[in-house]
Amino acid sequence: MSTAPSLDEAPETPACPPEELLIDAEADDEPRPHALPGSAWLLLVGLVMVALNLRPALSSLAPLLNLVREATGLSASGAGLLTTLPVLCLGLFAPLAPILARRLGSERTVLLILLTLAGGILLRSLFPVAGLFLGSLVAGASIGIIGVLLPGIVKRDFPHIAGLMTGVYTMALCLGAALAAGATVPLAEGMDRAWQPALAFWALPAVLAALVWLPQARQAQQAHRQAYKVTGLWRDPLAWQVTLYMGLQSSLAYIVFGWLPSILIDRGLSAVEAGLVLSGSVMTQLISALGAPWLASRGRDQRAAVVLVMGLTLAGLLGMLYAPLSGIWGWAVVLGLGQGGTFSIALALIVLRSRDAHVAANLSGMAQGVGYTLAAMGPLMVGVVHDLTHGWSTVGIIFVVVSLAATAFGLGAGRNLHVAARSEHI
Numbered sequence: 014m015s016t017a018p019s020l021d022e023a024p025e026t027p028a029c030p031p032e033e034l035l036i037d038a039e040a041d042d043e044p045r046p047h048a049l050p051g052s053a054w055l056l057l058v059g060l061v062m063v064a065l066n067l068r069p070a071l072s073s074l075a076p077l078l079n080l081v082r083e084a085t086g087l088s089a090s091g092a093g094l095l096t097t098l099p100v101l102c103l104g105l106f107a108p109l110a111p112i113l114a115r116r117l118g119s120e121r122t123v124l125l126i127l128l129t130l131a132g133g134i135l136l137r138s139l140f141p142v143a144g145l146f147l148g149s150l151v152a153g154a155s156i157g158i159i160g161v162l163l164p165g166i167v168k169r170d171f172p173h174i175a176g177l178m179t180g181v182y183t184m185a186l187c188l189g190a191a192l193a194a195g196a197t198v199p200l201a202e203g204m205d206r207a208w209q210p211a212l213a214f215w216a217l218p219a220v221l222a223a224l225v226w227l228p229q230a231r232q233a234q235q236a237h238r239q240a241y242k243v244t245g246l247w248r249d250p251l252a253w254q255v256t257l258y259m260g261l262q263s264s265l266a267y268i269v270f271g272w273l274p275s276i277l278i279d280r281g282l283s284a285v286e287a288g289l290v291l292s293g294s295v296m297t298q299l300i301s302a303l304g305a306p307w308l309a310s311r312g313r314d315q316r317a318a319v320v321l322v323m324g325l326t327l328a329g330l331l332g333m334l335y336a337p338l339s340g341i342w343g344w345a346v347v348l349g350l351g352q353g354g355t356f357s358i359a360l361a362l363i364v365l366r367s368r369d370a371h372v373a374a375n376l377s378g379m380a381q382g383v384g385y386t387l388a389a390m391g392p393l394m395v396g397v398v399h400d401l402t403h404g405w406s407t408v409g410i411i412f413v414v415v416s417l418a419a420t421a422f423g424l425g426a427g428r429n430l431h432v433a434a435r436s437e438h439i
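For the sequence shown, our numbering assigns the number 14 to the initial residue and increments by one for each residue that follows.
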């Protein structure tokens, strides 16, 4: 088995254009024309609508978690499992995306999975406990599949402005998460603190997205087979460093999605204020999500960028947990800048560590499949620790340990090397 070159032997890493952060999960080697000639605006609106729905199922529950626990009797460990389940499904179901895309085509798959996403969100509100868990499973699986497919559609259908579309795609993700985090509690309070319809509301944007996306599915091209296979990836240490960095930084992100409002509420904020803080932090992510990959690609490698964004993330998390509430919005900004950068650099590393697009597509699948499965353990650990200690102070240890581990693997992944994997034409 070939090995990765040493640092001294590594070629200079090229700058990573924003469009190269978008990986086609179908990994086709043939260029594909625009799916709907003359209807680019309709396609753009459809892509934005779909992207807006990739986070609300995750961020809408957190501000209501205390209310849900009161109504259902869930323990903190049970609530941790509830916040863990959809994140776990992001990883477990991500490998289904290219399989479905090759059989049905990406457009038809996205339409089908949008409907299952809406069904999962509705299911969470129909039955007190069983529906919460089963609906979270279905919603998480749906997000995991669409999240793998959508970037490839963006890159394929807008090749000449893919950098701009990357920004639009990232903005839609952040906006969807922020809207759900900030609006769900006011929705519940407007309905006499009824959390079920407040959660169910977020099925409506998914249904609307499916209607807007319908023309794409109707006129989609025939599904195509995968033209390349990649070997040696799962045995490569560098590939595992990229994967573990992706998973550990994602673990912190989903702890924030799942538990930050509960932490802030217990510290003295109202549910509305806690939801708005989470919403504001997520919106701040857009700044570093767009800027961090560009800055990271200016140097010889990405190790300094990893240290910077992980340092901001840890500082923001500890500020949320221990700093006076009077400065909470400042810490929300610090946290958002850090976490927007950690995620976008994780995406950049997948491309920068790959020799070609086919290796990148497979490394992306590995990083998402294994990484998100690992990330699911973060919210669960927080719930268990809170149950055992009846407080939040000890959770800071989790923040420090996970952040340091992510930084360590990020330093390995940030070196100017390529994974020792090769793509071969079938």
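A virtual CB, placed ideally from N, CA and C, is assigned to each residue, including glycine.
Between L128 and A223, the C-beta spacing is below 7 Å.
Beta-bridge pairing by DSSP links E437 to K242.
Residue state for G353 is assigned as helix, using DSSP reduced to three classes. Note on F140: under 16 other CB atoms within 10 angstroms of its CB, so exposed under the neighbour-count rule.
With respect to the 7 Å criterion, M394 and T256 are not classified as neighbours on the basis of their beta carbons. Taking 4 residues as the minimum length, the alpha helix (DSSP H) runs contained wholly in the segment 130 to 188 are 143 to 170, in order along the chain. For L147, the CB contacts under 7 Å within the same chain, skipping 5 residues up- and downstream, are L136 in chain order.
Membership of H399 in the alpha helix (DSSP H) is indicated by the continuous run M390 to T402. Sorting T96, G351 and F171 by C-alpha distance to the C-alpha of L60 places F171 at the top. For the beta strand (DSSP E) assignment, the segment 264 to 288 encloses no uninterrupted run of at least 3 residues. For M62, the uninterrupted alpha helix (DSSP H) run begins and ends at A53 to L65, by DSSP. DSSP, read as helix, strand or coil, puts F214 in coil. Taking C-beta separations shorter than 7 Å and ignoring five residues to either side along the sequence, the partners of S88 in its chain run D400, following chain order.
Note on H173: under 16 other CB atoms within 10 angstroms of its CB, so exposed under the neighbour-count rule. In this structure the segment 416 to 431 lies against the segment 314 to 330, because at least three pairs of beta carbons, one per stretch, are closer than 8 Å. Assignment of S292 by DSSP, reduced to helix, strand and coil, places it in the helix class. Closest in alpha carbon position to G391, among L334, N375 and T97, is T97. Note on geometry: alpha-carbon atoms of V142 and R366 lie some 43 Å from one another.
Taking the Cα of N375 as reference, the smallest distance to any Cα among L65, L246, V58 and V198 is reached at L246.
Taking C-beta atoms as the reference points, S292 and A191 count as a pair closer than 7 Å.
The beta carbon of I278 sits closer than 7 Å to the beta carbons of N79, A284 and A287 from its chain, once the five residues preceding and following it are set aside; these are given in chain order.
Within the same chain, Q315, A318, I358 and A361 come within 7 Å of A309 by CB-CB distance, once the 5 residues on both sides are set aside. Judged by DSSP in its simplified three-state form, R82 adopts helix. In terms of Cα proximity to N429, the closest of V290, V295, L57 and Q254 is Q254. Taken atom to atom, the span from the alpha-carbon of L227 to that of L74 is near 28 Å. By the CB criterion at 7 Å, G260 and G384 fall inside the cutoff.
Annotation: the continuous alpha helix (DSSP H) that includes R116 extends over L109 to L117. If you check the CB distance, I126 and S90 do not come in under 7 Å. Here DSSP, grouped into helix, strand and coil, assigns V432 to coil. In the structure shown, W405 falls within a coil segment according to DSSP collapsed to helix, strand and coil. Here the alpha carbon of V243 sits roughly 10 Å from the alpha carbon of A373. Rounded to the nearest whole angstrom, the CA to CA distance from A107 to V225 is 24 Å. Comparing C-alpha distances from A213 to each of A131, G203 and I363 shows the shortest one belongs to A131. Taking all protein chains in view, the Cβ of G404 is surrounded by fewer than 16 other Cβ atoms within 10 Å, so the residue is classified as exposed.
If you look at G329, you'll find it in the alpha helix (DSSP H) that goes R316 to Y335. Per DSSP, the unbroken alpha helix (DSSP H) holding A70 starts and ends at P69 to S72.
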